[in-house]
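Numbering (the working numbering), first residue to last: 1038 to 1338. The structure appears right after this line, and notes come after that.
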């Protein structure tokens, strides 16, 4: 009897060059040992519908076609189900997929073929699920601008980020780890389970997604030279070597945000908050990962 696969597809994800029926056909060709069923999100009560569909189908594998928002929606619905999931990166931002070594559909089909399941951690932040990155400050401001201007792509990101970096004052934060309180001045603070943004900027060199820890990273570039060095380090992946960057590896922490810096989780703007409590949830989800994920991990072990 064929294994069952549920393909959950968001038709309004950033990449509209592929339809649900085309994706289904592709899956059926690439996965002959599976009976694949397509289910499309509508934006209306998707959470309840996904839970119901899962119970009806009881699949052996869930494919998620969309961006970070779609992946997070499905993961939230299937938390504690222990079903393996694989991302088909079709969104305008695919940060979690990149963290898992899946840059395109070719990587997705390879990961299904190889079927290497990884138990991936998640961060709970004020009761909200964070799969790869959350941050206060510059990047959250940029996401807010993107939502307002509908700018997309790396060029728009770089253009906006230059204006943002010089237009943003350092904010005061208080980081509490166990009984230690650390007062910080920073333009951006990242809580990172993964290692990179969807743009490919490597923000967390210590990022291992199944080690039961996450990183808190404070960035405070002050001059054009600082910003240039930081940008190059994002590309090269050695941001922890740059002055003005501090990193802590933790299982839980609290962060006060008294000056009201903007806040986002996995590419989604959150309501303004002056305090968060964050805690790792070890091995919360089962994801299939690409080859580069394994390479990255073994080089860090």
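Glycine included, C-beta positions come from ideal geometry on N, C-alpha and C. Note that the coordinates shown come from a computational prediction; the quantities given were computed from them, not determined experimentally.
- In terms of Cα proximity to residue 1136, the closest of 1096, 1301 and 1241 is 1241.
- Residue 1318 is a Cβ neighbour of residue 1159, given a cutoff of 8 Å.
- For the pair of segments examined, the region 1072-1091 was found to touch the region 1040-1054: the number of CB pairs separated by less than 8 Å reaches three.
- Counting other Cβ atoms within 10 Å of its Cβ, residue 1148 reaches 16 or more and is therefore classed as buried.
- Beta-carbon to beta-carbon, residue 1096 and residue 1209 are separated by about 48 Å, too far to satisfy the 8 Å threshold.
- For residue 1119, no alpha helix (DSSP H) encloses it, and the DSSP letter there is neither H nor E.
- Around the beta-carbon of residue 1272, fewer than 16 other beta-carbon atoms lie within 10 Å, marking it exposed.
- Assigned with DSSP and collapsed to three states, residue 1057 falls in helix.
- In the three-state DSSP reduction, residue 1041 falls in the strand class (E or B).
- DSSP lists 1301 as the bridge partner or partners of residue 1306.
- When the five nearest sequence neighbours on each side are left out, the beta carbons in the same chain lying within less than 6 Å of the beta carbon of residue 1098 are those of 1042 and 1121, in order along the chain.
- Counting only runs of at least 3 residues, the region 1231-1272 fully encloses the following beta strand (DSSP E) elements, listed from N- to C-terminal order: 1251-1256.
- Taken through DSSP and simplified to helix, strand or coil, residue 1143 comes out as helix.
- In this structure, the beta-carbon distance from residue 1153 to residue 1321 does not fall below 8 Å.
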